[in-house]
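>
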Amino acid sequence: MLAMEHQFEESGRTLDREAYHKAKALYLQAVSIEEEFLLQQSGIKWSLEGDKSRSFFHSYVKRKRRRNTVHEIYHEGEWLKDQQKVVDFSVVYFRGLFCNNTTLVDPSSLLDIIPPLVSEDDNIVLMKQPDEEEVKQIVFSMDAKSVAGSDGFNGRLYQSCWSIICDDLVEAVRYFFHGSGIPRGVTSTILALIPKCEGPKSWKEYRPISLCNFFNKIILKILSSRLSKILLTLISPSHGGFVKGRQIQDNSMLAHELAHHIDRKIKKGNVIMKLDMTKAFDKVSW
């Protein structure tokens, strides 16, 4: 680009000026792509237009990678520092965490004792084929800069290329709601480990999260948005977490008050049962 700029300054020809502006546009486009990539890699949400520094993002990404890289892990009284041993042990540990070895109960045997709470009208709304407007609303309501899944595409691609991909995308979503099978790769995820504390030593001190493909998120978002409209009629009033309008702290405060008055004299006595809450977040089933 600099060579074209010098050539244009020396010649002053229109052809050289056009070549210079074209090269400059390509350069600015490449810089913008690099900044967007670094912004996504860094995970910084508060960057504003006009307040970008590639050196800042580079240093932040490097610091983040150093923090998240597992150099060694403590296992059975010794530190595993060989990377292959660390990898092998991680596979064994998380395979045991995610695989369900319990005997599953036939769900059909439970249907007779579960009251039908979803009406026929609600079921029609849940199962209806999504139209283009609903899919578009879901796509543009999600974070365009979210981390991409295994296919490498984040929300920015779907939003920027909506006019190109909308017909195929809507058809693919409707294909799922029609009850047809979808390719296995759609639901494939990348497992990322988030440290629960500073300087984690064992795999128990990492929280695994799954990075889903954006297309998979679209389907999940449609389902969740539809379910949210009838969720309050399905969930017990005593359930405090993950329900809009309720706070998980309410049940914690209630448990604290109950424990505070556990010594009160009553005829049949009081019992407190503690559950291992880590299973609710770190296991597939419990």
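92 is the number that full-length UniProt numbering gives to position 92 of the sequence shown; each next residue is one higher, with no gaps. We put the beta carbon where it would ideally sit given N, CA and C, even for glycine.
Please identify the residue among Met127, Gly245 and Gln249 whose C-alpha is closest to the C-alpha of Ile219.
When each option's Cα is compared against that of Ile219, the closest is Met127.
> Closer than 8 Å, CB to CB, is Ile73 near chain B or not?
No chain B is part of this structure, which consists of one protein chain only.
> At which residues does the beta strand (DSSP E) containing Trp79 begin and terminate?
It spans Glu78 to Leu80 - the beta strand (DSSP E) in which Trp79 sits, taken as one unbroken run.
> Note the first and the last residue of the continuous alpha helix (DSSP H) segment covering Leu111.
Run containing Leu111: none; DSSP gives neither H nor E here.
> May I have the straight-line CA-CA distance separating Gln247 from Ser225, to the nearest angstrom?
Between Gln247 and Ser225, the C-alpha separation is close to 19 Å.
> Which stretch, first to last residue, makes up the alpha helix (DSSP H) that contains Arg156?
That run of the alpha helix (DSSP H) goes Gly155 to Ser160.
> Can you find at least 3 beta carbon pairs, one from the region 189–202 and one from the region 69–79, that sit closer than 8 Å?
As far as the Cβ criterion goes, the region 189–202 touches the region 69–79, which means the pair count is three or higher.
> Please state whether the Cβ-Cβ distance between Pro208 and Arg174 is less than 8 Å.
It is not a contact, given that the beta carbons lie outside the stated cut-off.
> Between the alpha carbons of Leu48 and Val91, how many angstroms are there, rounded?
For Leu48, the pLDDT reaches just 47, beneath the cut-off of 50, and the residue's location in the model is therefore unreliable, although a value from the coordinates is still provided. For Leu48 and Val91, the distance between alpha carbons rounds to 39 Å.
> How big is the Cα-Cα spacing for His178 and Glu171?
Using only the alpha carbons, I get a separation of about 10 Å.
> Which parts of the UniProt domain "Reverse transcriptase" (200–286) are runs of the beta strand (DSSP E), unbroken and 3 residues or longer, counting only runs that do not cross its ends?
Listed in chain order, they are 206–212.
> Would Ser188 and Ser150 qualify as a contact pair, given that the criterion is a beta-carbon distance under 8 Å?
Yes, Cβ-Cβ distance for Ser188 and Ser150 is below 8 Å.
> Going by Cα to Cα distance, which pick from Phe215, Glu257 and Ser210 is closest to Phe98?
Nearest C-alpha to Phe98: Ser210.
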